[in-house]
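In my numbering, the protein residues as written are 1 to 287. Read the structure below first, then the notes.
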């Protein structure tokens, strides 16, 4: 118990020392390597010697104490890493807000893979990903910015972030999203290697989703073999349905769909003209 108390005092003094550096992280201190080595050595000593001290009436208390101290050492060890996925993600969004594509290029891996649920196909390769971010920054204009709400960092250089878009610091409706990133070390630098982006849908089906899920699960349970085959090869089923549609229903439904498409295009043109007229009127009034 004496050694545990002494070690706890050492950890407390180290923590106070790090806080006194004005918010600097552990990896920015010049004594990072020596501290890292000392923490590792203390962890090995505790793991080797503690079971000898844990015998007796207070064994459960001692084991819990050991677990807490070793966990604290592991957290300090993680913080001492010079690579932080959460810091990288914050800098990544800062570059997008600043339209700094040159700096943004340094954060993207050569074989980057980004899957955005709003797009039918993923973005593969640095060239395609950077083209997308170039178009994104152009579309955002000068007043739209990403506002980061929370960033959570996991192991193996992973991080998750939820965000929304703001126009002049006012949140834009239906622009909330979550992104999950996997990073890797390339040429002694941490870069984004893989990402999954999920954006809020403007359509809110509500309880309909639960009803559809209930009916779908009932079909799965009633026909388990067919369900296993469908889940293993869903593209085959969709292709069969498409072939049936093309052979039996396309001749009747296609003309109706074409008519609806023409009507939709006509309404879109009228809406565009109306918005343009409204814009010109507002421009004259508030000029």
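We put the beta carbon where it would ideally sit given N, CA and C, even for glycine.
- With contacts defined as CB atoms closer than 9 Å, residue 184 and residue 157 qualify as a contacting pair.
- In the DSSP assignment, residue 222 falls within the alpha helix (DSSP H) that extends over 207-222.
- Taking the Cα positions, residue 138 is about 19 Å away from residue 171.
- Ranked by Cα distance from residue 147, the first of 153, 167 and 134 is 167.
- As a beta-bridge residue in DSSP terms, residue 190 pairs with 185.
- DSSP places residue 114 inside the beta strand (DSSP E), whose first and last residues are 108-116.
- By the 16-neighbour rule on beta-carbons within 10 angstroms, residue 273 is exposed.
- In this structure residue 163 is buried. Its beta-carbon is surrounded by 16 or more other beta-carbon atoms within 10 angstroms.
- Within the segment 124-179, the complete alpha helix (DSSP H) runs of at least 4 residues fall at 126-140.
- Taking C-beta separations shorter than 6 Å and ignoring five residues to either side along the sequence, the partners of residue 196 in its chain run 115 and 180, following chain order.
- Distance between residue 161 and residue 127, taken at the CA atoms: about 24 Å.
- Excluding the 5 residues flanking it on each side, residue 230 has same chain C-beta neighbours closer than 8 Å at 237, in chain order.
- Excluding its 5 nearest sequence neighbours in each direction, residue 130 has C-beta neighbours in its own chain below 8 Å: 101, 104, 105 and 108, listed in chain order.
- In this structure, residue 191 sits near residue 88, with a CB-CB distance shorter than 9 Å.
- Counted as a single uninterrupted DSSP element, the alpha helix (DSSP H) harbouring residue 102 occupies residues 101-104.
- Judged by DSSP in its simplified three-state form, residue 263 adopts helix.
- In chain order, 123 place their CB closer than 6 Å to the CB of residue 132, counting only its own chain and leaving out the 5 sequence neighbours on each side.
- Annotation: residue 83 to residue 286 spans about 51 Å, alpha carbon to alpha carbon.
- Residue 199 sits in a strand when the DSSP states are folded into three classes.
- Counting only residues of its own chain and dropping the five nearest sequence neighbours on each side, residue 268 has no CB closer than 6 Å to any other CB.
- Note that the C-beta distance between residue 199 and residue 140 is not below 9 Å.
- Each of 169, 182 and 145 was checked against the Cα of residue 153, and the nearest Cα belongs to 182.
- In this model, residue 234 and residue 212 are separated by some 18 Å (Cα to Cα).
- Taking a 10 Å sphere around the C-beta of residue 189, we find fewer than 16 other C-beta atoms and assign the residue as exposed.
- For residue 145 and residue 151, the gap between their C-alpha atoms comes out near 17 Å.
- With a 10 Å radius around the Cβ and a threshold of 16 neighbouring Cβ atoms, residue 112 comes out buried.
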